[in-house]
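Undergrad: According to the UniProt record's numbering, the residues represented by the sequence shown are 1 to 458, in order.
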Amino acid sequence: MQLETISSISTPVGEGAIAIVRLSGIDALEIAGKLYRGKKTLDEVDTHTINYGHIIDPDTDEVVEEVMAAVMRAPKTYTREDIVEINCHGGINTINRILQLTLKHGARMAEPGEFTKRAFLNGRIDLSQAEGVMDFIRSKTDEASKVASGQMQGRLKVYIESLRQSILNILAQVEVNIDYPEYDDVEEATTELLLEEAEKVKTEIEKLLKSSRQGRIMREGLSTVIVGKPNVGKSSLLNYLIQDNKAIVTEVAGTTRDILEEYVNVNGIPLKLVDTAGIRDTDDIVEKIGVERSRQALTEAELILYVLSNNEPLTSEDMELLDSVRDENVIVIINKLDLDSELDVAELENRYDFPIVKTSITEGKGVDDLEDRIAELFFGGQVSSADSTYLSNNRHISLLEQSNSAISDAIESAHMDVPIDIVQIDLVKTWELLGEVIGEDVSEQLIDQLFSQFCLGK
Ligand code: GDP
Ligand code: ZN
Numbered sequence: 001m002q003l004e005t006i007s008s009i010s011t012p013v014g015e016g017a018i019a020i021v022r023l024s025g026i027d028a029l030e031i032a033g034k035l036y037r038g039k040k041t042l043d044e045v046d047t048h049t050i051n052y053g054h055i056i057d058p059d060t061d062e063v064v065e066e067v068m069a070a071v072m073r074a075p076k077t078y079t080r081e082d083i084v085e086i087n088c089h090g091g092i093n094t095i096n097r098i099l100q101l102t103l104k105h106g107a108r109m110a111e112p113g114e115f116t117k118r119a120f121l122n123g124r125i126d127l128s129q130a131e132g133v134m135d136f137i138r139s140k141t142d143e144a145s146k147v148a149s150g151q152m153q154g155r156l157k158v159y160i161e162s163l164r165q166s167i168l169n170i171l172a173q174v175e176v177n178i179d180y181p182e183y184d185d186v187e188e189a190t191t192e193l194l195l196e197e198a199e200k201v202k203t204e205i206e207k208l209l210k211s212s213r214q215g216r217i218m219r220e221g222l223s224t225v226i227v228g229k230p231n232v233g234k235s236s237l238l239n240y241l242i243q244d245n246k247a248i249v250t251e252v253a254g255t256t257r258d259i260l261e262e263y264v265n266v267n268g269i270p271l272k273l274v275d276t277a278g279i280r281d282t283d284d285i286v287e288k289i290g291v292e293r294s295r296q297a298l299t300e301a302e303l304i305l306y307v308l309s310n311n312e313p314l315t316s317e318d319m320e321l322l323d324s325v326r327d328e329n330v331i332v333i334i335n336k337l338d339l340d341s342e343l344d345v346a347e348l349e350n351r352y353d354f355p356i357v358k359t360s361i362t363e364g365k366g367v368d369d370l371e372d373r374i375a376e377l378f379f380g381g382q383v384s385s386a387d388s389t390y391l392s393n394n395r396h397i398s399l400l401e402q403s404n405s406a407i408s409d410a411i412e413s414a415h416m417d418v419p420i421d422i423v424q425i426d427l428v429k430t431w432e433l434l435g436e437v438i439g440e441d442v443s444e445q446l447i448d449q450l451f452s453q454f455c456l457g458k
């Protein structure tokens, strides 16, 4: 089946230095050809070349823009269809006008994610790779984009495929058993082998699930709040973290204006600092948003940086708040180490198990320790994205959880000597669920929904 030719602006709309209109489909060359004037026509140029020329409006012969047109003929393209990319200098009016011309001359406006969807439909990538593309676009640190790019290159796919292969091997064994039911010892041997192999698969699934939290952190950031009494050094810490690590994204829009988020890259982990507006403006979140809401902010955060001053004794207010977050991930920061000690550190250590880091932010001391502590707490040390398969996508996580319970059912049944063809059903189910991760047997509706989450032009 031939799909219509689609067109879209493939670069972020705004003040970019270069903007690209991308066409993909059977008529891509013909449509772009009507608009392009250069030394050669687009029909004549070699595939995978970039060609200097102009875009004109064929109805008026007016020159619209000086461009570079990239021509990529199927099948070695992103979508496996003919692709033309028209590169121009930006300006939102010009780029829109070029887009409009492509639409007027036969292309249809691409839906969000439609280019990647075609790559999937045309068999160039599997679903986990497509989702990797989406995560890659959204990723906030280098490490996060490495995770996504690993997925894009099919790392998760390879992993899932090997698990499915193991299940197929078990199923093959089961078949042998069903074919020769009269031999008791065959059955026993099969059950033993089945259990052994199924346990292995289950262990792998669990490992993958365990990585999911890390994967999600890499993708969405570790939501972090900085709390403490006024004047202990919260703003100083925030500013230090931002300067030291170069804020990645500032002012991510919240629904309420006074909740501001900033991302900083701490040892490769994107820290999403929540409610920085509170720290910046009033220095007192509690006063600003009320005790109830600040408690809630505390429990919703995945990491609490609780700042105390070395120069002040622990107050009952501190203890009350620290008591209420006993089960959370808290790092206590004792700041102002350069000043006289008025804080009873031994008491603090007796009362709580929280890791303690000592800093003097004005002297730039101890913040490195803090950063190491954070990495330790969530990644057991150095974050390595290059060689691990992180599960970071909610759909994958849910499927892996279902796979885990299906294979657990199979194992339990096998232990209880349930007839083997019943065990087989759960194994097949596991195999199917894993298949869904890489896009086998997924419904068209699911595919549409997934690809619609992409940005336009991808
Ligand atoms: P916040 O109210 O908790 O946000 O505290 P600030 O970050 O605004 O700091 C309050 C004051 O303490 C400022 O004058 C800072 O310069 C100072 N301060 C911050 N960190 C240190 C430190 O490590 N040592 C000393 N001596 N002063 C600090
Ligand atoms: Zn402050």
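Beta carbons: idealized from backbone N, C-alpha and C, even for Gly.
If you're wondering where the values come from, they're calculated on a predicted model, not measured in any experiment.
Please look up how many angstroms separate the CB atoms of threonine 224 and leucine 303, rounded, as I've assumed it's under 8 angstroms.
TA: Between leucine 303 and threonine 224 the Cβ distance is about 4 angstroms, and since that is below 8 angstroms, they are a contact.
Undergrad: May I ask you to report which of helix, strand or coil DSSP gives isoleucine 20?
TA: Correct three-state label for isoleucine 20: strand.
Undergrad: Based on DSSP bridge pairs, tell me the residues matched to valine 85.
TA: Checking the sequence, you will find glutamate at residue 85 rather than valine. For glutamate 85, which the question treats as bridged, DSSP gives the partners Arg22, Ala70.
Undergrad: Cα separation between valine 133 and threonine 116?
TA: Whole-angstrom Cα-Cα distance: 8 angstroms.
Undergrad: Could you name the residues that DSSP lists as bridge partners for histidine 54?
TA: Partner(s): Arg37, Glu66.
Undergrad: Taking 7 angstroms as the cut-off, is the C-beta of serine 341 nearer than that to any heavy atom in the ligand GDP?
TA: The answer is no for serine 341.
Undergrad: Glutamate 328 and threonine 299 - do their beta-carbons sit closer together than 8 angstroms?
TA: Taking 8 angstroms as the Cβ cut-off, threonine 299 and glutamate 328 qualify as a contacting pair.
Undergrad: For the alpha helix (DSSP H) containing isoleucine 407, name the first residue and the last one.
TA: Here the alpha helix (DSSP H) through isoleucine 407 covers 394 to 415.
Undergrad: Tell me the rounded alpha-carbon separation between leucine 156 and valine 21.
TA: Distance between the alpha carbons of leucine 156 and valine 21 is about 31 angstroms.
Undergrad: According to DSSP, simplified to helix, strand and coil, what is asparagine 231?
TA: Asparagine 231: coil per DSSP, three-state reduction.
Undergrad: In three-state DSSP terms, what is leucine 194?
TA: It is helical.
Undergrad: Strictly by DSSP, which residues pair up with proline 270?
TA: Paired residue(s): Asn265.
Undergrad: Quick check: the Cα distance between lysine 234 and alanine 346, rounded to an integer number of angstroms?
TA: If I take the Cα positions, the gap works out to 23 angstroms.
Undergrad: Tell me which same chain residues have a C-beta within less than 7 angstroms of the C-beta of alanine 19, skipping the five on either side of it?
TA: For alanine 19, where only same-chain residues beyond five positions count, the Cβ hits under 7 angstroms are Ile9, Thr11, Cys88, Gly90, Ile95.
Undergrad: According to the neighbour-count rule (16 or more other Cβ atoms, all chains shown, within 10 Å of its Cβ), is alanine 253 buried or exposed?
TA: Residue placement at alanine 253 is poorly supported in this model, since its pLDDT is 36, which falls under 50; the coordinates still yield a value, given next. The residue is exposed, with fewer than 16 neighbouring Cβ atoms inside 10 Å.
Undergrad: I'd like to know whether the C-beta atoms of methionine 72 and isoleucine 83 end up nearer to each other than 8 angstroms.
TA: Yes.
Undergrad: Would you please state the rounded distance, in angstroms, between the beta carbons of leucine 194 and isoleucine 438? I believe it to be under 8 angstroms.
TA: Going by Cβ atoms, the distance from leucine 194 to isoleucine 438 rounds to 24 angstroms, so no, they are not a contact pair.
Undergrad: Is isoleucine 125 helix, strand or coil by DSSP?
TA: Coil.
Undergrad: With a 10 Å radius around its C-beta and 16 neighbouring C-beta atoms as the bar for buried, classify tyrosine 52 as buried or exposed.
TA: Exposed, because fewer than 16 other Cβ atoms sit within 10 Å of the Cβ of tyrosine 52.
Undergrad: Lysine 272: buried (16+ other C-beta within 10 angstroms of its C-beta) or exposed?
TA: Its Cβ being crowded by 16 or more others within 10 Å, lysine 272 is buried.
Undergrad: Between aspartate 338 and the ligand GDP, is there a pair consisting of the residue's CB and a ligand heavy atom that are separated by less than 7 angstroms?
TA: Yes, the ligand GDP has a heavy atom inside 7 angstroms of this Cβ.
Undergrad: Can you tell me which residues form a DSSP beta bridge with aspartate 335?
TA: The displayed chain sequence assigns asparagine, not aspartate, to residue 335. In the DSSP output, where bridge partners are listed per residue, asparagine 335 has Ser309.
Undergrad: Quick check on this structure: which residue in Ile331, Leu433, Lys336 has the alpha carbon closest to the alpha carbon of leucine 377?
TA: The option with the nearest alpha carbon to leucine 377 is Ile331.
Undergrad: Flag this pair as yes or no: are the beta carbons of leucine 305 and tyrosine 352 separated by less than 8 angstroms?
TA: No; because the gap between Cβ atoms is not below 8 angstroms, this pair is not in contact.
Undergrad: Under the rule that 16 or more other beta-carbon atoms within 10 Å means buried, what is lysine 336, buried or exposed?
TA: It counts as buried.
Undergrad: Give a single yes or no on whether valine 232 has its beta carbon closer than 7 angstroms to a heavy atom of the ligand GDP.
TA: Correct: valine 232 has its Cβ closer than 7 angstroms to the ligand GDP.
Undergrad: Nearest to valine 264 by alpha carbon, out of Ser405, Gly228, Leu222?
TA: Measuring from the Cα of valine 264, the nearest candidate turns out to be Leu222.
Undergrad: Considering only the beta carbon of each residue, do valine 307 and isoleucine 269 sit closer than 8 angstroms?
TA: It is not a contact, given that the beta carbons lie outside the stated cut-off.
Undergrad: Does the stretch 36 to 51 come close enough to the stretch 105 to 114 that 3 or more CB-CB pairs lie under 8 angstroms?
TA: Cβ pair count under 8 angstroms is below three, so no.
Undergrad: How close, in whole Å, do the beta carbons of asparagine 404 and isoleucine 205 come, if the pair is a contact with beta carbons under 8 angstroms?
TA: About 5 angstroms; that satisfies the 8 angstroms criterion.
Undergrad: Return the first residue and the last residue of the alpha helix (DSSP H) that lysine 104 is part of.
TA: Element bounds for lysine 104: 92 to 104.
Undergrad: On the CB-based measure, 16 or more other CB atoms within 10 Å of its CB, does aspartate 368 come out buried or exposed?
TA: Result: exposed.
Undergrad: On the premise that valine 67 lies in contact with isoleucine 92, defined as a C-beta separation below 8 angstroms, what is that separation, rounded to the nearest angstrom?
TA: Wrong, their Cβ atoms sit about 16 angstroms apart, outside the cutoff.
Undergrad: Assuming contact is defined by CB atoms lying nearer than 8 angstroms, are glutamate 81 and isoleucine 125 in contact in what I supplied?
TA: No, they are not a contact pair.
Undergrad: Roughly how far, in whole angstroms, is the beta-carbon of serine 408 from the beta-carbon of valine 423, given that I think they are within contact range, below 8 angstroms?
TA: Wrong, their Cβ atoms sit about 12 angstroms apart, outside the cutoff.
Undergrad: Looking only at C-alpha atoms, which of Glu30, Asp417, Ile411, Arg219 sits nearest to valine 201?
TA: With distances taken between Cα atoms, valine 201 lies closest to Ile411.
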